[in-house]
Ligand SMILES: [Zn+2]
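Numbering (the numbering used here), first residue to last: 269 to 736.
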């Protein structure tokens, strides 16, 4: 299966074909040309179609198409609310896309959020559940991943970390406020601070480094001069790190994420000049400094590819069914344990009957009423006499709840578990991982819907009661 990601930038459109290992296998790029929202929708669809045709990928091998826009989006309705620099307002992108390529799920994200999602899936430790990406550029872009999901807020506008106020009554920001973090800690801010310091220190070696031309100052100038012993440069870097650390500590105090990844050109500075002092300052300042686990600062890895990869993976996130099992793996192994606790005690015939019995109850809506529930429990006990103690039953219910949180309905799991049982017999629990991979495929084909959603609660109740 493939996922298509399109990154809508200020000057270019970039599309990429992303495989199941979250790697880009092919790309397509074109300059952004905007004449109307209709034309834009048309262009985006043609780009995705062009990408699959160029690479001879059948359309049914594309699980989903995701797009990252520079502004807030409403993914549920498939609408881009607005974008900066491009005059898009309430554009029904998903509907426009489907006029040319119907049937493929289309997902929308904010570009900074997409980049964070890409970094999250590529982070070396596959067990993390929270990551915040902070990109230092013209401004500061931030994307927040909590429990494996983008935190969008109620309106798609969450995660605008560049616009938390750091200096009361400070520099005017483009957002309308004064003293925003990005006015002090973005790459552009660093450049301004470097130029101001040079103005004050005519004897700084930075003048020689830029040939006396202030327009040649960049984000590296102060760092390089500092390493050569320049005092003015040292002061610029020290102050800049202070601004950066203060903002990062604010994030740590609110979210205590497992990882904050730093992106943008500045993040390529040597660890001893950037990451290590920042890590030390944040640890000194943040709440919970005595705790035994701390937020780790890391370099972002994907660079410009993060946007495409993250956009492509929006579809996975929406279904909560990641093929490599990120976030799902530990829950599946928990499910294995619980299922073997239940099915370990019965012979294969009884196990098959339990599955059929449960599915029948679900299909007949038998668990919707209090009366139906009581009957079902009674019948279940009479029929199978399964002896499962209270603790195991509770664990099973907990597991079901956790599975639901990541997008699997109990009915779906039941169905798949029975399929595995028929194939592998009593060892079926060892194959539960296949449920995750299967779910990704089913999700792609639109088979996993909220079809049984109204029955979820009753099935949970059923599990909690029948084995008690
Ligand atoms: Zn601002």
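Beta carbons: idealized from backbone N, C-alpha and C, even for Gly.
Determine the burial state of residue i: buried for a count of at least 16 other Cβ atoms within 10 Å of its Cβ, exposed for fewer.
i: residue 708; result: Confidence at residue 708 is low in this model, with a pLDDT of 47, below 50, so its placement is unreliable and no value can be given for it.
i: residue 682; result: buried
i: residue 513; result: buried
i: residue 555; result: exposed
i: residue 351; result: buried
i: residue 615; result: exposed
i: residue 590; result: Below a pLDDT of 50, predicted positions are generally treated as unreliable, and residue 590, at 43, falls in that range; the measurement from the model is reported next regardless. Residue 590 should be labelled buried.
i: residue 593; result: Residue confidence is low: residue 593 scores 42 on pLDDT, short of 50, so the model does not pin down where it sits. No coordinate-derived value is stated.
i: residue 638; result: exposed
i: residue 332; result: buried
i: residue 713; result: Residue confidence is low: residue 713 scores 42 on pLDDT, short of 50, so the model does not pin down where it sits. No coordinate-derived value is stated.
i: residue 680; result: buried
i: residue 280; result: exposed
i: residue 324; result: exposed
i: residue 343; result: buried
i: residue 715; result: The pLDDT assigned to residue 715 is 38, lower than 50, so where the model puts this residue is not dependable; a value taken from the coordinates is nonetheless given after this. Burial call: exposed.
i: residue 398; result: buried
i: residue 690; result: exposed
i: residue 328; result: exposed
i: residue 482; result: exposed
i: residue 270; result: buried
i: residue 417; result: buried
i: residue 304; result: exposed
i: residue 535; result: buried
i: residue 282; result: buried
Between which two residues does the beta strand (DSSP E) holding residue i run?
i: residue 270; result: 270–276
i: residue 399; result: 399–404
i: residue 411; result: 408–414
i: residue 334; result: 330–337
i: residue 349; result: 347–350
i: residue 528; result: 527–531
I need the boundaries of the alpha helix (DSSP H) containing residue i, first residue and last residue.
i: residue 308; result: 305–322
i: residue 795; result: Past the edges of the chain, shown from 269 to 736, lies residue 795, and the structure says nothing about it.
i: residue 364; result: 361–368
i: residue 568; result: Premise fails: residue 568 is in no alpha helix (DSSP H) and is neither H nor E.
i: residue 356; result: Per DSSP, residue 356 belongs to no alpha helix (DSSP H) and is neither H nor E.
i: residue 326; result: No alpha helix (DSSP H) holds residue 326; DSSP gives it neither H nor E.
i: residue 739; result: In the structure displayed, the chain extends from 269 to 736; residue 739 sits before or after that span and is not available.
i: residue 548; result: 543–553
i: residue 561; result: Run containing residue 561: none; DSSP gives neither H nor E here.
i: residue 489; result: 489–495
From the DSSP output, which residues share a beta bridge with residue i?
i: residue 440; result: 446
i: residue 377; result: 336
i: residue 435; result: Residue 435 is not bridged to any residue.
i: residue 295; result: 284
i: residue 342; result: 347
i: residue 417; result: 414
Is the shortest distance between the beta-carbon of residue i and the beta-carbons of chain E less than 8 Å?
i: residue 462; result: Of the protein chains in this structure there is only one, and it is not chain E.
Touching or not, the region 429–443 and the region 546–553, by the rule of three or more beta carbon pairs under 8 Å?
no
Using 8 Å as the threshold, is the region 274–284 in touch with the region 556–576, meaning 3 or more CB pairs across them?
yes
Stretch-stretch touch, CB-based, cutoff 8 Å, three pairs: the region 359–375 with the region 399–411
They do not touch, by the three-pair rule.
Across the region 315–327 and the region 351–363, are there enough close Cβ pairs to call them in contact, namely three or more that are closer than 8 Å?
Short answer: they don't touch.
In chain order, what residues place their C-beta within less than 6 Å of a heavy atom belonging to ligand 1?
With 6 Å as the limit, the residues whose C-beta approaches any heavy atom of ligand 1 more closely are 431, 441, 443, 445 and 448, in sequence along the chain.
Looking at C-beta atoms only, is the number of pairs between the region 507–526 and the region 554–570 that lie closer than 8 Å three or more?
yes
Touching by the beta-carbon criterion (3+ pairs, under 8 Å), the region 293–307 and the region 335–342:
no
Kindly confirm or deny that the region 460–467 and the region 488–502 touch, where touching means at least three C-beta pairs closer than 8 Å.
yes
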